[in-house]
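Notes for the one structure printed next.
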Amino acid sequence: MIRLSAFADEISPDLDEQIAVLQSENIHYIDLRSVWKVNVLDLSNQQIQEIKQTLTAGGIGVAAIGSPIGKVPIDSSFEEHLARFDRSIEVAKALDTKYIRIFSFYPPVKEEAGSSNPAAYRDEVISHLQEMTRRARSADVVLVHENEKAIYGDIIERNVDLLQTINDPHFRSVLDPANYLQCDQVPYPDAYEATRPWLEYVHVKDVSPDGTLVVAGQGDSNWSAILQRLRQDGYDGFIALEPHLAAAGQFQGFSGPDLFRSASQALQTMLNSMDWSYE
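Once you know that position 257 of the sequence shown is 257 in full-length UniProt numbering, the rest is easy, because the numbers rise by one and skip nothing.
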C-alpha cells in the first residue's frame with residue numbers, strides 16, 4: 001500500500017501547525033526537512049527528541065530525512081560534508097526512519113576550464129556517493145537520490161549512470177517529475193522507464209508550460225499516467241507532497257497552509273478517482 005507523506009515545512013515553520021494541517025488532510029507521515037526554520041541536520045539531539053515525541057503524540061511518523069546532503073559544490077571539503085552526512089544517519093536512527101534524501105553535488109561554482117561540463121566531474125561524484133553508500137549500508141539506511149536541477153544527476157542519462165554504477169540497494173532513486181521538466185526532460189514515460197529498476201520514492205509537485213509550479217495534475221508532469229503506471233507496477237512506498245506553490249528556494253520551498261491543502265486535495269482526488277487506497 002502507498003503511504004502519503006509531506007515536506008511539512010512547506011506548511012509552516014511551526015511544528016504544531018504542521019501537524020494540525022497534516023491531520024486535517026489525513027496525512028500520517030512527514031519528510032522532515034526543517035522545523036522552526038532550522039535545518040533537520042542542525043537541530044540538537046534534545047530538539048530531535050522533542051520533535052519525535054510531538055509527532056508521535058500527533059499520530060505522525062517520519063517517512064524520510066529531507067537532508068541537504070550532496071547539495072554542495074563537488075570541489076568543497078568532502079571530509080566536512082561526510083561529518084554532516086554522518087549526522088544525517090544519526091538523525092534518521094533517532095527518528096526511526098530508514099530513508100535519507102540526498103543529492104549528487106553541484107559542478108564547481110568557480111568559472112574554470114571544464115566547469116560547464118558535468119561529465120568532467122563524474123568520477124569524483126561517484127567516488128563521493130560510493131563512500132556515502134558504504135556508510136549507509138553499514139548503518140542499514142537507504143539513500144534516495146533526488147534528481148534536482150543543476151546537480152550532477154539532474155538529467156535522465158546522468159541519473160541512470162549513477163544508479164547503474166553504484167548498483168547498491170542502499171542507493172536508490174527518487175522520481176520527481178517536476179524536476180525533470182525543469183531540466184527539459186520528459187518525466188513520463190522517459191524518466192520513469194529509465195529509472196524504474198531503482199525506484200524507491202516519489203515526490204509530488206507539478207510545473208505548467210510557463211514554468212509556474214502548480215498542483216499535481218495541472219501541469220506537464222502527466223501525473224495521472226504516472227500514478228496509473230505506479231499502481232500497475234505494484235509500487236509500495238511513500239508518495240511525498242513537495243508542492244513549492246508559494247516559493248521555491250535552493251534548500252527549501254514553501255506553500256503555506258491553504259496552498260498546501262490545495263496540493264494535498266489535488267493528489268488525493270486523483271488517487272480516489274482511480275480507487276487506489278492509501279494510508
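For glycine and all other residues, C-beta sits at the position ideal for the given N, C-alpha and C.
These figures come from a predicted structure and were not determined experimentally.
Discussion item. Across the segment 20-27 and the segment 251-267, are there enough close Cβ pairs to call them in contact, namely three or more that are closer than 8 Å?
Written reply: At 8 Å Cβ cutoff, the stretches touch.
Item to complete: Can you say whether residue 290 is buried or exposed, counting buried as having 16 or more other CB atoms within 10 angstroms of its CB?
Response: In the structure as shown, the chain starts at 1 and stops at 279, and residue 290 therefore has no counterpart that could be examined.
Fill in: Status (buried if at least 16 other CB within 10 Å, exposed otherwise) for N179
Residue mapping note: residue 179 aligns to position 179 of the sequence shown, counting from 1. By the C-beta density criterion, N179 is buried, having at least 16 other C-beta atoms within 10 angstroms.
Worksheet item: Applying the criterion that 16 or more other CB atoms from any shown protein chain within 10 Å of the CB defines a buried residue, is K37 buried or exposed?
Response: Taking the first residue of the sequence shown as 1, we reach residue 37 at position 37. The residue is exposed, with fewer than 16 neighbouring Cβ atoms inside 10 Å.
Worksheet item: Where does the unbroken beta strand (DSSP E) through D31 begin, and where does it stop?
Response: Counted from its first residue, the sequence shown places residue 31 at position 31. According to the DSSP assignment, D31 belongs to the beta strand (DSSP E) that extends over Y29 to L32.
Discussion item. What I want to know is whether the C-beta of L271 ends up closer than 6 Å to one or more non-hydrogen atoms of the ligand SAM.
Written reply: With respect to small molecules bound, the structure shown includes none, and the ligand SAM cannot be examined in it.
Practice prompt. Assign R134 to one of two classes, buried (16 or more other C-beta atoms within 10 Å of its C-beta) or exposed (fewer than that).
Written response: The residue given as residue 134 occupies position 134 in the sequence shown. Exposed, because fewer than 16 other Cβ atoms sit within 10 Å of the Cβ of R134.
Worksheet item: Which of the three DSSP states, helix, strand or coil, is assigned to V215?
Response: Residue numbering aside, residue 215 sits at position 215 when the sequence shown is read from its first letter. It is coil, neither helix nor strand.
Worksheet item: In terms of residues, what are the limits of the beta strand (DSSP E) holding E200?
Response: Your numbering for residue 200 matches position 200 in the sequence shown. Per DSSP, the continuous beta strand (DSSP E) segment holding E200 begins and ends at L199 to V204.
Discussion item. Among the candidates I226, D75 and E79, whose CA atom is the shortest distance from the CA of Y152?
Written reply: Locating residue 152 in the sequence shown gives position 152, where the first residue counts as 1. For Y152, the nearest C-alpha among the options comes from D75.
Worksheet item: Which residues mark the beginning and the end of the alpha helix (DSSP H) in which L181 is found?
Response: For the purposes of this step, residue 181 is taken as residue 181 along the sequence shown, with counting starting at 1. Its alpha helix (DSSP H) spans residues P177 to L181.
Worksheet item: Just checking my contact of V215 with A266 at CB under 8 Å: how many whole Å lie between their CB atoms?
Response: Position 215 of the sequence shown, counted from the first residue, corresponds to residue 215. Position 266 of the sequence shown, counted from the first residue, corresponds to residue 266. The Cβ separation is near 4 Å, so the contact holds.
Item to complete: Pick helix, strand or coil for S221, following the three-state DSSP scheme.
Response: Working through the sequence shown from its first residue, we reach residue 221 at position 221. In this structure, S221 counts as coil in the three-state DSSP scheme.
Worksheet item: Under a three-way DSSP split, which group does N39 fall into?
Response: Position 39 of the sequence shown, counting from 1, holds the residue named residue 39. In the structure shown, the three-state DSSP call for N39 is strand.
Fill in: Classification of T97 by the beta-carbon crowding that lies within 10 angstroms, buried from 16 upward
Along the sequence shown, read from residue 1 onward, the residue named residue 97 stands at position 97. Counting other Cβ atoms within 10 Å of its Cβ, T97 reaches 16 or more and is therefore classed as buried.
Discussion item. So E146 and H203 are supposed to be a Cβ contact under 8 Å. How far apart are they, rounded?
Written reply: Position 146 of the sequence shown, counting from 1, holds the residue named residue 146. Position 203 of the sequence shown, counting from 1, holds the residue named residue 203. Yes, they are in contact, since the Cβ atoms of E146 and H203 sit about 7 Å apart, within 8 Å.
Worksheet item: Along the chain, where does the beta strand (DSSP E) that runs through residue 281 open and close?
Response: There is no way to answer for residue 281, as the model of the chain reaches only from 1 to 279.
Item to complete: With DSSP collapsed to three states, give me the class of H244.
Response: Counting from one through the sequence shown, the residue named residue 244 turns up at place 244. For H244, the three-state secondary structure derived from DSSP is coil.
Worksheet entry | Chain-order list of residues whose beta-carbon lies under 6 Å from that of K71 (same chain, five-residue window excluded) | For this step, residue 71 is matched to residue 71 along the sequence shown. Taking C-beta separations shorter than 6 Å and ignoring five residues to either side along the sequence, the partners of K71 in its chain run F103, following chain order.
Discussion item. I'd like the ranges of any alpha helix (DSSP H) spanning at least 4 consecutive residues and lying wholly in the segment 107-158.
Written reply: The qualifying runs are 122-139.
Worksheet item: For G66 versus R33, is the C-beta spacing smaller than 7 Å?
Response: Translated into positions along the sequence shown, residue 66 becomes position 66. Translated into positions along the sequence shown, residue 33 becomes position 33. Their beta carbons are under 7 Å apart, which means G66 touches R33 by this criterion.
Item to complete: Count the other CB atoms, across all protein chains shown, that sit within 10 Å of the CB of E200; report buried if there are 16 or more and exposed otherwise.
Response: For the purposes of this step, residue 200 is taken as the residue at position 200 of the sequence shown. Taking all protein chains in view, the Cβ of E200 is crowded by 16 or more other Cβ atoms within 10 Å, so the residue is classified as buried.
Worksheet item: Rounded C-beta distance between D31 and A240? I'm assuming under 8 Å.
Response: Stepping through the sequence shown from its first residue, residue 31 is reached at position 31. Stepping through the sequence shown from its first residue, residue 240 is reached at position 240. With 8 Å as the limit, D31 and A240 qualify as a contact, their Cβ atoms being about 5 Å apart.
Worksheet item: For N222, which of K205, L55, T54 and A57 has the nearest alpha-carbon?
Response: If you number the sequence shown from 1, residue 222 lands on position 222. Cα-wise, what sits closest to N222 is K205.
Practice prompt. Mind reading off the beta-carbon distance from S5 to A63? Whole number of angstroms is fine, and I expect it under 8 Å.
Written response: Along the sequence shown, read from residue 1 onward, the residue named residue 5 stands at position 5. Along the sequence shown, read from residue 1 onward, the residue named residue 63 stands at position 63. Sure, about 4 Å apart at Cβ, within 8 Å.
Item to complete: Going by CA-CA distance only, name the one from A94, A225, V160 and S127 that's closest to E79.
Response: Reading the sequence shown from its first residue, position 79 is the one you call residue 79. Between E79 and the set A94, A225, V160 and S127, the nearest pair of CA atoms involves S127.
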